[in-house]
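Working notes, structure below.
Number of protein chains: 2
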Amino acid sequence: MAKEDLNTEQKILLAAKKIFVEKGLEGARMQEIADEAGINKALLHYYFRSKDKLFDGVFKEAFASLLPSILSLLKQDIPLFEKIRLFTSQYIEIFKENHYIPGFVLHELNRNPKRIIDLISTVGIKPEIFMKQVEEEVEKGTIQPIDPRDLIVNMLAMCIFPFVAAPILKNIIFNKDEEAFALFIDERKKTVPQFIINSLKKNV
Amino acid sequence: MAKEDLNTEQKILLAAKKIFVEKGLEGARMQEIADEAGINKALLHYYFRSKDKLFDGVFKEAFASLLPSILSLLKQDIPLFEKIRLFTSQYIEIFKENHYIPGFVLHELNRNPKRIIDLISTVGIKPEIFMKQVEEEVEKGTIQPIDPRDLIVNMLAMCIFPFVAAPILKNIIFNKDEEAFALFIDERKKTVPQFIINSLKKNV
DNA sequence: GTCTATATTGTGATAGAC
DNA sequence: GTCTATCACAATATAGAC
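Residue numbers (the numbering used here), protein chains in the order written: chain A, 1 to 204; chain B, 1 to 204.
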């Protein structure tokens, strides 16, 4: 769908998303959003009462639209290694398509934890089932002993961190070569699960 | 040194650091910084010409003060596994003491990549030596094959991410138990290097 | 160096015509 | 629904007394 075919509300949301993501809540200017949307400030207030309300709308969409689908994966009845492979590769792919999301979410999370926590509560992320699955494998002795919380944090870290730190990584590791970095990220859909599974595998 | 013994400039820097870290550049108010420092707004402009200049001063100190020491470790002539153990445990310890730094740096990195990149250039981070060491071990066949860039990114990710995502992790994994989270972070000084080394070790 | 008071500019928000 | 014009206030920055 072309930009021109969107109705005004959609144009506003699209523009607001771009500006909020780039500048954060305080950094963004309503004027800038209006310009980006090709309308004037007054209309922003007509559709959304205030800047805060507009932000909430944008954030909710950006955050909630992509997390539930992938996180439901953790609950499903799939062998552990397979689950890790699916989760990490899909997560990295999603962030590759929406590379601005992690930084955006993490920043607002630190700026206003309560707001974000509330939002997450409505989505309802429950990692307990995954953690239990890990515990069982450890007890059975089929994988190396590990705290399931460490495993889940490490998984998230390796999937998300490269996107948050992208500018710095591009610079000190990839000599500003954007393409090489993109390739590297794509490769990580395979190397990350491999790295994790290598760590969990028993020496035989 | 007690807070009262600091001279005005130091008091300002300390206060500004606290507020900027908490609120970000745009979120921070000069009035708030002045209150925190126990002085008035005018003095802020007397010592630092503008808000931007004040921010630069704070950021440079916060960032540059802790990175060089730890990163020099990567260059030293130490066995790989030992180096990984030292690097990760020290890194996590530093961030434990300065848990606000990662979020602060990463946000400003995304807001103004150029500014931060310039700063890093002056500090001069060079991971080449570490990467070469990894490559050599891979060639010798003493560790699992791995792209050294993946290893370094994974190391950084596992050290830094938990601090950036702290509010969300506390909530969904630790049921808001601050103490349990602090303990978890402390444990990671051991579990993270172990996780990495497990992944690199050859099955024997 | 430090203060109070004030200037100046920004920006979110609203009123009212069309 | 969309616009122009304007308000109200907040925030950075400066002037000038002490």
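From the three backbone atoms N, C-alpha and C, an ideal C-beta is built for every residue, glycine too.
What does residue i touch in chain B if you count any residue whose Cβ is under 8 Å from its own?
{"i": "Val-134 (chain A)", "result": "In chain order: nothing, as chain B lies at least about 13 Å away."}
{"i": "Arg-111 (chain A)", "result": "Lys-23, Gly-24 and Gly-27"}
{"i": "Gly-167 (chain A)", "result": "In the sequence as presented, Gly is not what sits at residue 167 (chain A); that position holds Pro. Correct list: Leu-109, Asn-110, Pro-113, Ile-116 and Ile-117."}
{"i": "Gly-103 (chain A)", "result": "Leu-106, His-107 and Asn-110"}
{"i": "Ile-120 (chain A)", "result": "Ile-168, Asn-171 and Ile-172"}
Whole angstroms is fine: what's the gap from residue i's alpha carbon to residue j's?
{"i": "Val-21 (chain B)", "j": "Glu-139 (chain A)", "result": "43 Å"}
{"i": "Ile-152 (chain A)", "j": "Leu-13 (chain A)", "result": "33 Å"}
{"i": "Tyr-100 (chain A)", "j": "Lys-126 (chain A)", "result": "24 Å"}
{"i": "Asn-171 (chain A)", "j": "Arg-115 (chain B)", "result": "13 Å"}
{"i": "Phe-195 (chain B)", "j": "Leu-86 (chain A)", "result": "20 Å"}
{"i": "Lys-189 (chain B)", "j": "Asn-198 (chain B)", "result": "15 Å"}
{"i": "Leu-119 (chain A)", "j": "Pro-102 (chain A)", "result": "15 Å"}
{"i": "Lys-96 (chain A)", "j": "Met-155 (chain B)", "result": "20 Å"}
{"i": "Ala-15 (chain A)", "j": "Met-131 (chain A)", "result": "39 Å"}
{"i": "Ala-64 (chain A)", "j": "Lys-23 (chain B)", "result": "24 Å"}
{"i": "Ile-117 (chain B)", "j": "Ile-94 (chain A)", "result": "27 Å"}
{"i": "Glu-179 (chain A)", "j": "Val-164 (chain A)", "result": "17 Å"}
{"i": "Ile-160 (chain A)", "j": "Pro-167 (chain B)", "result": "16 Å"}
{"i": "Val-192 (chain B)", "j": "Phe-184 (chain B)", "result": "11 Å"}
{"i": "Asn-112 (chain B)", "j": "Lys-176 (chain A)", "result": "16 Å"}
{"i": "Ile-173 (chain A)", "j": "Gln-144 (chain B)", "result": "21 Å"}
{"i": "Glu-9 (chain B)", "j": "Asn-7 (chain A)", "result": "53 Å"}
{"i": "Val-58 (chain B)", "j": "Ser-50 (chain B)", "result": "13 Å"}
{"i": "Phe-181 (chain B)", "j": "Ala-42 (chain B)", "result": "41 Å"}
{"i": "Asn-98 (chain B)", "j": "Tyr-47 (chain B)", "result": "26 Å"}
{"i": "Asp-5 (chain B)", "j": "Asn-110 (chain A)", "result": "32 Å"}
{"i": "Met-30 (chain A)", "j": "Leu-169 (chain B)", "result": "32 Å"}
{"i": "Phe-81 (chain B)", "j": "Ile-33 (chain A)", "result": "50 Å"}
{"i": "Lys-83 (chain B)", "j": "Ala-28 (chain A)", "result": "43 Å"}
{"i": "His-45 (chain A)", "j": "Leu-200 (chain B)", "result": "56 Å"}
{"i": "Asp-77 (chain B)", "j": "Ser-69 (chain A)", "result": "46 Å"}
{"i": "Phe-104 (chain A)", "j": "Ile-19 (chain A)", "result": "11 Å"}
Let's see if you can read the secondary structure: which residues bound the alpha helix (DSSP H) around residue i?
{"i": "Tyr-100 (chain A)", "result": "Where Tyr-100 (chain A) is concerned, there is no enclosing alpha helix (DSSP H), given that its DSSP letter is neither H nor E."}
{"i": "Phe-174 (chain A)", "result": "Unbroken run through Phe-174 (chain A): none, as it is neither H nor E."}
{"i": "Arg-49 (chain B)", "result": "First-last for Arg-49 (chain B): undefined, no H or E at that position."}
{"i": "Leu-151 (chain B)", "result": "148 to 164"}
{"i": "Pro-193 (chain B)", "result": "178 to 200"}
{"i": "Lys-217 (chain B)", "result": "No statement about residue 217 (chain B) is possible, as the shown extent of chain B runs from 1 to 204 and does not include it."}
{"i": "Ile-33 (chain B)", "result": "30 to 37"}
{"i": "Gln-144 (chain A)", "result": "Here Gln-144 (chain A) belongs to no alpha helix (DSSP H), and DSSP marks it neither H nor E."}
{"i": "Lys-23 (chain A)", "result": "8 to 27"}
Run down chain A in chain order and give the residues with a C-beta less than 8 Å from the C-beta of residue i.
{"i": "Met-30 (chain B)", "result": "Per Cβ cutoff of 8 Å: no residues; Met-30 (chain B) is ~14 Å from chain A at best."}
{"i": "Gln-144 (chain B)", "result": "Asn-198"}
Report the neighbours of residue i on chain B: residues whose CB is nearer than 7 Å to its CB, in chain order.
{"i": "Thr-191 (chain A)", "result": "Asp-147 and Asp-150"}
{"i": "Phe-87 (chain A)", "result": "In chain order: nothing, as chain B lies at least about 15 Å away."}
{"i": "Ser-199 (chain A)", "result": "Phe-195, Asn-198 and Ser-199"}
{"i": "Asn-154 (chain A)", "result": "Met-158 and Phe-195"}
{"i": "Ile-125 (chain A)", "result": "Ile-172"}
{"i": "Phe-184 (chain A)", "result": "Arg-149"}
Just tell me which of the options has its CA closest to the CA of residue i.
{"i": "His-129 (chain B)", "options": "B:Glu-61, B:Ser-69, B:Leu-74 and B:His-45", "result": "According to the sequence as given, residue 129 (chain B) is Ile; it is not His. Among B:Glu-61, B:Ser-69, B:Leu-74 and B:His-45, the Cα nearest to that of Ile-129 (chain B) is on B:Leu-74."}
{"i": "Asp-186 (chain A)", "options": "A:Tyr-91, A:Asn-7, A:Ser-121 and A:Pro-167", "result": "A:Tyr-91"}
{"i": "Phe-55 (chain A)", "options": "A:Glu-26, A:Cys-159 and A:Pro-193", "result": "A:Glu-26"}
{"i": "Lys-202 (chain B)", "options": "B:Cys-159, B:Met-158 and B:Ile-146", "result": "B:Ile-146"}
{"i": "Ala-62 (chain A)", "options": "A:Leu-106, A:Met-131 and A:Thr-191", "result": "A:Leu-106"}
{"i": "Lys-11 (chain A)", "options": "A:Gln-31, A:Glu-32, A:Met-30 and A:Glu-36", "result": "A:Glu-36"}
{"i": "Gln-133 (chain B)", "options": "B:Arg-149, B:Ser-121 and B:Thr-88", "result": "B:Arg-149"}
{"i": "Leu-71 (chain A)", "options": "A:Ser-89, A:Phe-174, A:Leu-44 and A:His-45", "result": "A:Ser-89"}
Using the rule of at least 16 other Cβ atoms within 10 Å of the residue's Cβ for burial, across every protein chain shown, is residue i buried or exposed?
{"i": "Glu-135 (chain A)", "result": "exposed"}
{"i": "Gly-38 (chain B)", "result": "exposed"}
{"i": "Pro-162 (chain A)", "result": "buried"}
{"i": "Glu-108 (chain B)", "result": "buried"}
{"i": "Lys-17 (chain A)", "result": "buried"}
{"i": "Asn-40 (chain B)", "result": "exposed"}
{"i": "Glu-137 (chain A)", "result": "buried"}
{"i": "Thr-122 (chain A)", "result": "exposed"}
{"i": "Thr-142 (chain B)", "result": "exposed"}
{"i": "Lys-53 (chain A)", "result": "exposed"}
{"i": "Ala-157 (chain B)", "result": "buried"}
{"i": "Lys-60 (chain A)", "result": "exposed"}
Show which residues of chain A have a CB atom less than 7 Å away from the CB atom of residue i.
{"i": "Ile-160 (chain B)", "result": "Phe-161"}
{"i": "Gln-76 (chain B)", "result": "Ordered by position in chain A, no residue passes the 7 Å Cβ test against Gln-76 (chain B), which lies about 18 Å from the chain."}
{"i": "Ile-39 (chain B)", "result": "The contacting residues do not exist; Ile-39 (chain B) stays about 24 Å from chain A at best."}
{"i": "Val-164 (chain B)", "result": "Leu-106 and Val-164"}
Can you pull the chain A neighbours of residue i, defined as C-beta to C-beta under 9 Å?
{"i": "Val-58 (chain B)", "result": "Simply none; closest approach about 17 Å."}
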